[in-house]
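Undergrad:
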Amino acid sequence: MTEKSSDPIVFVIDDDASVREALKSLFRSVGLQVAVFASGPEFLRTELPDAPSCLVLDVRLPGLSGLDFQTELERSDIHVPIIFMTGHGDIPMTVRAIKAGALEFLTKPFRDQDMLDAVQLALERDRARRETETAVSRLRASFGTLTPREQEVMTLVTAGLMNKQIAAELGVSEITVKVHRGHVTRKMRARSLADLVRMADVLGIRKGGQA
Amino acid sequence: MLSELASAREREVASHAELARVTRLTAMGAMTASIAHEVNQPLAAIVTNSNAAIRWLANATPDLDEARAALKRIANDGHRASEVIGSIRALFKKDRSAATRFSLNDLVLEVLALVRNEMRTQDVSVRTELAPELPAVSGDRVQLQLVVVNLIVNAVEAMGAIPPDARHLVIRSSIAEPDRVLVAVEDTGAGIDPEDADRIFDAFYTTKSQGMGMGLAICRSIVEAHGGRLSVSPRKPGGSIFHLALPSAAMSPA
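Heads up: the sequence lines are chains L and F, in that order.
For what it's worth, the numbering used here labels the leading residue of the first sequence as 14, then goes sequentially.
For what it's worth, the numbering used here labels the leading residue of the second sequence as 2, then goes sequentially.
Right under this line is the structure:
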């Protein structure tokens, strides 16, 4: 089977070698790429592939606890979805983990289907997140190609002003406004005004809208 | 009315949490957590390896090498789990060098002093009927303390669901001729289902939502390692009595 660098991958962090090996075999048996680590630092030291991924992590790791590691990941701007495992769970720990954004919390020994379902969901979430991030980057890049005046026009158009009002606001003719508008629509690759408004929301430039 | 209920509930939750904290603070609590973790690791590996092997074999072309490798790992993990259990048992083998002579009456009073606050918070009334001149026992004081703590904590938890003014804990000590000392821990709680009575001393058996089921199994191991016996009988009209019997030390009362 040829591996694409963008094939989804599961990262496992557990200090117990048996658990690592067993999970590796399980994930591979359903065709998933998997990489295993014995500790949080080991994972952080590794260069991560550019692919949808998720993290299966034991809450009880020597040194940094799984929950502290979760905080550490956020601080390092790593937003990989997390599934926690534990050999001994208590309710406060579960609640803390879920509140901190963990996708799932499984007690060992867990049913393989529960783990696989959680991983499936996690990978879908990560795929969606990566798509959104890419889309936002693209929008920002496009917005960057607008001239300052075009950026102004886009802000005013998406705020709901008519061409006439924009012309008055900027002290130019209506025709000039229309020309700028055309450029904006083309450069931003907007298919409609509604589309442009949505883009302005994502970019956070819409006045009177949700920044 | 609602806010009264809410604050009563809050107090109940807080005192449960406090009781759980006391349990955790005792060495047994910490120990059973470690033990559970240690045993659940190889168990998780065994279950996961088994499931992986099933999936490898269910492939369009079954992958026998992968399945075989998984089965080998299962065998190793099984042995590792049994080693963990073995080391737990070794922990509780009676260690002659740690044996001292002491009175169970003293031990009971010490433990009650330890849990006095929790009794108050939980509105549990405590009565002791301790036989004077109780013969001493010989053994590991810390281990037997853990047993008594566990029995008392269980009793208090068993009474958690009944009205506060009905929560009565009685601890009795007595002599059973010719050479045994008995301590009975009696509660007025929900009692134990006769169906479960045999199983409550089994390892990993628990009726609590948050229990690991190790407490009573460990208690029994400790007691038996001291040549004694731990059992339970129902209390009429409701509740349970745990009976701890130990051989008295050869010499005269402590």
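Glycine is no exception: its CB is placed at the ideal position from the N, C-alpha and C atoms.
(1) Which value, in whole angstroms, describes the spacing of the CA atoms of Asp194/F and Ile176/F?
(2) For Gly216/F, report the span of its alpha helix (DSSP H) as first-last.
(3) Going by other Cβ atoms of all chains shown within 10 Å of its Cβ, with 16 needed for buried, is Gly73/F buried or exposed?
(4) Are the stretch 97-113 of chain F and the stretch 231-243 of chain F touching, with three or more C-beta to C-beta distances below 8 angstroms?
(5) Could you name the residues of the same chain whose beta carbon sits closer than 8 angstroms to that of Thr168/L, not counting the 5 residues immediately before and after it, in chain order?
(6) Reducing DSSP to helix, strand and coil, say where Pro254/F ends up.
(7) Would the beta-carbon of Pro122/L fall within 8 angstroms of that of Leu3/F?
(8) In the DSSP output, what is Phe97/L paired with across the bridge?
(9) Need the endpoints of the beta strand (DSSP E) that Gly192/F sits in, please.
(10) Measure the alpha-carbon distance for Ile75/F versus Ile47/F and round it to whole angstroms.
(11) Which of helix, strand or coil does DSSP assign to Glu187/L?
(12) Please compile the residues from chain L whose C-beta is within a distance smaller than 8 angstroms of the C-beta of Gln42/F.
(13) Scan the stretch 45-57 of chain F for residues whose Cβ lies nearer than 9 angstroms to a Cβ of chain L and list them as they occur along the chain.
(14) Between the stretch 35-47 of chain L and chain F, which residues of the former have a C-beta closer than 8 angstroms to a C-beta of the latter?
(15) Label Arg221/F either buried or exposed according to how many other C-beta atoms from any shown protein chain fall within 10 Å of its C-beta, with 16 as the threshold for buried.
(16) Would you verify that the beta carbon of Ala71/F is, or is not, closer than 8 angstroms to some beta carbon of chain L?
(17) Taking the beta strand (DSSP E) that Glu111/F falls in, what are its first and last residues?
(18) Check whether the stretch 135-145 of chain L touches the stretch 46-66 of chain L, taking contact to mean three or more Cβ pairs, one atom from each stretch, closer than 8 angstroms.
(19) Between which two residues does the beta strand (DSSP E) containing Ser241/F stretch?
(20) Beta-carbon separation of Ala156/F and Val186/F under 8 angstroms?
(21) Give the interface partners of Asp78/F over in chain L, defined as CB-CB distance under 7 angstroms, in chain order.
(22) Report the CB separation of Val127/F from Leu170/F in whole angstroms; it is logged as a contact under 8 angstroms.
(23) Short of 7 angstroms in beta carbon distance, which residues of its chain neighbour Ser88/F, apart from the five on each side in sequence? Order them along the chain.
(24) Taking Asp125/L as the query, report the chain F residues whose CB atoms sit under 7 angstroms from its CB, ordered along the chain.
(25) Can the beta-carbon of Gly44/L be found less than 8 angstroms from the beta-carbon of His38/F?
(26) Return no unless some Cβ of chain F is closer than 8 angstroms to the Cβ of Arg109/L.
(27) Is the stretch 187-199 of chain L in contact with the stretch 152-171 of chain L, if contact means three or more CB pairs nearer than 8 angstroms?
(28) Just to confirm, are Asp141/F and Ala114/F a CB contact at a threshold of 8 angstroms?
(29) Using C-beta distances below 6 angstroms, list every residue in its chain close to Leu36/L, excluding the 5 sequence neighbours before and after it, in chain order.
(30) Rounded to the nearest angstrom, what separates Ser8/F and Gly114/L at their Cα positions?
(31) Buried or exposed: Ala53/F, going by 16 or more other Cβ atoms within 10 Å of its Cβ?
(32) Compare the C-alpha of Gly53/L against each of Glu87/L, Leu74/L, Leu61/L, Arg33/L and name the closest.
(33) What span of residues does the beta strand (DSSP E) with Gln46/L cover, start to end?
(34) CA-CA distance, Arg162/L and Ala148/L?
(35) My output table needs one value for Thr147/L: the three-state DSSP class, helix, strand or coil.
(36) I think Ile95/L touches Val132/L, with their Cβ atoms under 8 angstroms apart; what is that distance to the nearest whole Å?
TA: Looking at the coordinates:
(1) For this step, residue 194/F is matched to residue 193 along the second sequence. For this step, residue 176/F is matched to residue 175 along the second sequence. Looking at the two C-alpha atoms, the distance is approximately 29 angstroms.
(2) Within the second sequence, the letter at position 215 stands for residue 216/F. Its alpha helix (DSSP H) spans residues 216-226.
(3) Stepping through the second sequence from its first residue, residue 73/F is reached at position 72. Going by the sequence as given, residue 73/F is Lys instead of Gly. Lys73/F comes out exposed.
(4) no
(5) Counting from 1 along the first sequence, the entry for residue 168/L is found at position 155. Around Thr168/L: Ala213, Ile218, Arg219, Lys220.
(6) Position 253 of the second sequence, counted from the start, is the residue given in the question as residue 254/F. Its pLDDT being 44, under 50, Pro254/F is placed unreliably by the model, and nothing is read from it.
(7) As a first step, residue 122/L is located in the first sequence; it is residue number 109 there, counting from the start. As a first step, residue 3/F is located in the second sequence; it is residue number 2 there, counting from the start. No, they are not a contact pair.
(8) Position 84 of the first sequence, counting from 1, holds the residue named residue 97/L. According to DSSP, which records beta bridges pairwise, Phe97/L is partnered with Leu70/L, Phe118/L.
(9) Taking the first residue of the second sequence as 1, we reach residue 192/F at position 191. Note, Gly192/F: premise wrong, no beta strand (DSSP E); not H, not E.
(10) Counted from its first residue, the second sequence places residue 75/F at position 74. Counted from its first residue, the second sequence places residue 47/F at position 46. Each residue's alpha carbon lies about 5 angstroms from the other.
(11) Position 174 of the first sequence holds residue 187/L. Helix, per DSSP.
(12) The sequence position of residue 42/F within the second sequence is 41, counting from 1. Those are Asp29, Ser31, Val32, Gly100, Lys121, listed as they occur along chain L.
(13) Ala45, Ala46, Ile47, Val48, Thr49, Asn50, Ser51, Asn52, Ala53, Ala54, Ile55, Arg56, Trp57
(14) Ala35, Leu36, Ser38, Leu39, Arg41, Ser42, Val43
(15) Here the question's residue 221/F lines up with position 220 in the second sequence. The residue in question, Arg221/F, is buried, as its Cβ has 16 or more Cβ neighbours within 10 Å.
(16) The sequence position of residue 71/F within the second sequence is 70, counting from 1. Yes, because at least one Cβ of chain L sits closer than 8 angstroms to the Cβ of Ala71/F.
(17) Sequence index remark: in the second sequence, residue 111/F carries index 110 (1-based). Note, Glu111/F: premise wrong, no beta strand (DSSP E); alpha helix (DSSP H) at 105-115.
(18) yes
(19) Within the second sequence, the letter at position 240 stands for residue 241/F. Residues 241-248.
(20) As a position in the second sequence, residue 156/F is number 155, starting the count at 1. As a position in the second sequence, residue 186/F is number 185, starting the count at 1. Their beta carbons are under 8 angstroms apart, which means Ala156/F touches Val186/F by this criterion.
(21) In the second sequence, residue 78/F corresponds to position 77, counting from 1. Simply Ser31.
(22) On the second sequence, residue 127/F is found 126 positions in, with the first residue counted as 1. On the second sequence, residue 170/F is found 169 positions in, with the first residue counted as 1. Indeed, because the Cβ distance is near 5 angstroms, the residues count as touching under 8 angstroms.
(23) As a working note, residue 88/F is residue 87 in the second sequence. None.
(24) In the first sequence, the residue the question calls residue 125/L occupies position 112. By Cβ distance, chain F contributes Thr49, Asn52.
(25) For the purposes of this step, residue 44/L is taken as the residue at position 31 of the first sequence. For the purposes of this step, residue 38/F is taken as the residue at position 37 of the second sequence. Not in contact: Gly44/L and His38/F (Cβ atoms no closer than 8 angstroms).
(26) Here residue 109/L is taken as the residue at index 96 of the first sequence, counted from 1. So no, Arg109/L is outside the interface.
(27) yes
(28) Stepping through the second sequence from its first residue, residue 141/F is reached at position 140. Stepping through the second sequence from its first residue, residue 114/F is reached at position 113. No, they are not a contact pair.
(29) As a first step, residue 36/L is located in the first sequence; it is residue number 23 there, counting from the start. Hits under 6 angstroms: Val25.
(30) As a working note, residue 8/F is residue 7 in the second sequence. As a working note, residue 114/L is residue 101 in the first sequence. Distance between the alpha carbons of Ser8/F and Gly114/L: 29 angstroms.
(31) As a working mapping, residue 53/F is identified with position 52 in the second sequence. Buried is the call here.
(32) Here residue 53/L is taken as the residue at index 40 of the first sequence, counted from 1. Residue Leu74/L is the option with its Cα nearest to Gly53/L.
(33) The count along the first sequence starts at 1 and reaches residue 46/L at position 33. Where Gln46/L is concerned, the enclosing beta strand (DSSP E) stretches over 46-50.
(34) Numbered from its first residue, the first sequence carries residue 162/L at position 149. Numbered from its first residue, the first sequence carries residue 148/L at position 135. Near 24 angstroms, if we compare the C-alpha coordinates of Ala148/L and Arg162/L.
(35) Position 134 of the first sequence, counting from 1, holds the residue named residue 147/L. If DSSP states are grouped into helix, strand and coil, Thr147/L belongs with the helices.
(36) Locating residue 95/L in the first sequence gives position 82, where the first residue counts as 1. Locating residue 132/L in the first sequence gives position 119, where the first residue counts as 1. Contact flag wrong, Cβ pair sits at about 11 angstroms.
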